[in-house]
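Input: a single structure, listed below in structure tokens.
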Amino acid sequence: METSKKACIFGSYLSLDKHDVDVVELGKQLARKGITVVTGGFGGTMEQVSKGAKEAGGKTIGVTCYVFKGVKKLQVNDHVDEEIVASSLFDRITKMIEISNAFIVLPGGTGTFVELAAVLEHVNKGLCEPKPILFLGAFWKPISIPLSKREVTMHGLKEIVGASSCADLMLFCETIDELVIRLVELL
């Protein structure tokens, strides 16, 4: 029976410069804590974090879907131990939410934005049990401003996780070390 905690990393299909965010190091630190890395399974930050996890002896899961037209390198990356193929983008996101215990959001584009919105909605509306949603850096911080004016929807969520507003569901961390410490505390 699988007992390892799983953290889903949402990020760009493009690689990030390690001077901005060292995504490979994030993967290494998660693996050293025994946390399985879940990603969308393709290139960019998904591949970087999976590479780091594998270099540190960790396990990786890629939840893929092959519906994207015109995207380069649409194949599972070499650092994925287990591929789960979803039939659509929304099935992919739903599967990532179902199998993960926590979420780490990196800088990204529209795909990352959709993933972030979906997980916030699932937690806020009680469509899944409350799960930590952590952000590395301040890239997505502007989104928290309007969400700070919206009360959480799920009855009892305030008591369970101490969240009064939807923005309270978003935990921003400045460094990888801080993020991993917070994540381990919350798992």
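Letter 22 of the sequence shown, counting from 1, is numbered 7 in the working numbering, and no numbers are missing.
Backbone N, C-alpha and C fix where the C-beta goes; we use that ideal spot for every residue, glycine too.
- Relative to residue 7, the option among 116, 127, 30 and 26 whose CA is nearest is 30.
- Per the DSSP secondary-structure output, residue -7 pairs in a beta bridge with 23 and 88.
- At a Cβ-Cβ threshold of 8 Å, residue 129 and residue 148 do not count as neighbours.
- If the five residues before and after residue -1 are omitted, its C-beta is found closer than 6 Å to the C-beta atoms of 29, all from its own chain and listed in chain order.
- Under DSSP, residue 136 takes part in a beta bridge, and its partners are 150.
- Under the 8 Å Cβ criterion, the stretch 15 to 25 does not count as touching the stretch 114 to 128, having fewer than three qualifying pairs.
- Straight-line spacing of the CA atoms in residue 71 and residue -6 works out to 17 Å.
- The beta carbons of residue 45 and residue 54 sit no closer together than 8 Å.
- When DSSP states are grouped into helix, strand and coil, residue 124 belongs to the coil group.
- The Cβ atoms of residue 34 and residue -9 do not sit closer than 8 Å to each other.
- Counting other Cβ atoms within 10 Å of its Cβ, residue 97 reaches 16 or more and is therefore classed as buried.
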